[in-house]
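K.L.:
Residue numbers (this note's numbering), protein chains in the order written: chain A, 23 to 172; chain B, 154 to 296.
Idealized CB from N, CA, C, for every residue including glycine.
Computed from a predicted model, the values in this text were never measured in an experiment.
Written out as structure tokens, the structure reads:
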């Protein structure tokens, strides 16, 4: 992997509009029973503008930014050898349906460890007013050999 | 907040996963990597079988905490919300085509920070008796 990637900031991904039915679909797919994610009236009664997305929903928005990284011509990342090592979401507020989020990816770290390369990429997501909503941080491990993927 | 104590188990739940769950998550998340639904592709890349998406395990494992937060408050509202959540993917979850797999989650209070108004909930997440997520920590901002 190209060590010069560290510190690289990518252009913002196209804005992602969080749809109500997408929130419901994601909630159901992750075993949620939360009325706040499934029932608009319950979400409004709890003071939210619309359905509240589950805690890991930002992965859907982050995906476009990670695709930018993997497609970077000089990155030298072989997608077939990529294993997800770590993931973190840090939220300033919950994501709600109707949010339009713009994600900007920064490569925060590139390391080589025992033949494997590790890249940590941070996607900063902001609403239409430019306020921080969530940062999604992924550490991807690029395996050096043909061991089984995780 | 004063009702919480470090070490207290706040939620415990078991989630069955089937191949249907993986296909559903693929569609919901947009992650269509075929190792999560095709046996031939999984075998080709040397995997022991079709694996659950790591992000499906992560997304499911936090749900008992969400349920606890929403159910533990009185009618007036919830106990808090998840403001930070991190995991390490330490072991893949193999999902058998007929038997499926199970994800077992135990959520315990790891740390209380009165000043910040937060509680750290530590998750133990296992499948088939083996831990599958490491350093699985949920920070809850208390209402």
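1. At a CB-CB cut-off below 7 Å, which residues of chain A make contact with residue 156/B?
2. Take residue 293/B as the anchor and find which of 280/B, 237/B, 277/B, 246/B has the nearest alpha-carbon.
3. State the Cα-Cα distance for the pair residue 84/A and residue 145/A, rounded to the nearest angstrom.
4. Of all Cβ atoms in chain B, is any one closer than 8 Å to the Cβ of residue 179/A?
5. By DSSP's criteria, residue 56/A is part of a beta bridge. Which residues make up the other side?
6. State the beta-bridge partners of residue 233/B as determined by DSSP.
7. Is any beta-carbon of chain B found at less than 8 Å from that of residue 109/A?
8. I'd like to confirm the pairing. Which residues does DSSP put opposite residue 253/B in its beta bridges?
9. At a Cβ threshold of 8 Å, is residue 130/A touching chain B?
10. Count the other C-beta atoms from every protein chain shown that fall within 10 angstroms of the C-beta of residue 171/A, then say buried if there are 16 or more, exposed otherwise.
11. Looking only at its own chain, which residues have a Cβ that is under 6 Å from the Cβ of residue 26/A, when we skip the five neighbours before and after it?
12. Kindly indicate which three-state DSSP category residue 87/A falls into: helix, strand or coil?
13. Quick one: Cα of residue 154/A to Cα of residue 111/A, how far?
P.N.:
Concretely, from the data shown:
1. Going along chain A, no residue has its Cβ under 7 Å from residue 156/B, so there is no contact; the nearest lies around 20 Å.
2. 237/B
3. 6 Å
4. Outside the modelled stretch of chain A, which goes from 23 to 172, sits residue 179/A, for which no answer is possible.
5. DSSP, once it has assigned bridges, lists no residue as partnering residue 56/A.
6. The beta-bridge partner set that DSSP reports for residue 233/B consists of 295/B.
7. yes
8. 249/B
9. no
10. Any answer about residue 171/A is weak, because its pLDDT of 45 lies below 50 and its placement is not dependable; what the coordinates show is given next. By the neighbour-count rule (16 or more Cβ atoms within 10 Å), residue 171/A is buried.
11. none
12. helix
13. 12 Å
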